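**Student:**
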Amino acid sequence: YLASDHKTFREFAKKSRLQKVFLTAELSYLTFWQAKPLDPQLRLEYEGCPVPTETRIIITHCYTNRNLAIPRTFCVWSYFGREFEVICHNYLDSHRVETDQNHWEIITGNPGPEDGTMLERPE
């Protein structure tokens, strides 16, 4: 499960020193997230509705009320190579609206044949 907890003096993200996001095997309230529409005026109307694919959303941690974010300035090295650090932080502009660092999109793809390649997949 994807989890997060409040930032403390000992527990924070490695590079940005903000609220860290981590994986855990146990289900708790630290693993609860909420998908919200990008438009703040539609959030109350769409609360509890299914999330449509390929639309931009905000993913908010229920326990801390912070948004899932990628600041794009802090890179970490993992087994998969260079990756951006994923954290929980509310990046807001001058109108108190979330910026691009907090925008997410759920993408689905067409399933292909079991022994096919990516180039053979239907459009």
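Mind the numbering: the sequence shown is residues 927 to 1049 in our numbering, read in order.
Note that CB positions come from ideal geometry on N, CA and C, so glycine has one too.
Remember, it's a predicted structure, so these values are computed and weren't measured experimentally.
Please specify which runs of the beta strand (DSSP E), each continuous and at least 3 residues long, are wholly inside the region 953-1016, giving them in chain order.
**Tutor:** 959-963, 982-987, 1001-1004 and 1007-1010
**Student:** With a threshold of 7 Å between beta-carbons, can Arg992 be considered close to chain B, or not?
**Tutor:** Although the question refers to chain B, the structure presented lacks it and comprises just one protein chain.
**Student:** Where do the N-terminal and C-terminal ends of the beta strand (DSSP E) with Val947 fall, by residue?
**Tutor:** Taking the sequence shown and counting its residues from 1, the one referred to as residue 947 is at position 21. Counting along the chain, the beta strand (DSSP E) containing Val947 begins and ends at Gln945 to Leu949.
**Student:** Applying the criterion that 16 or more other CB atoms from any shown protein chain within 10 Å of the CB defines a buried residue, is Ser930 buried or exposed?
**Tutor:** Residue numbering aside, residue 930 sits at position 4 when the sequence shown is read from its first letter. That one is buried.
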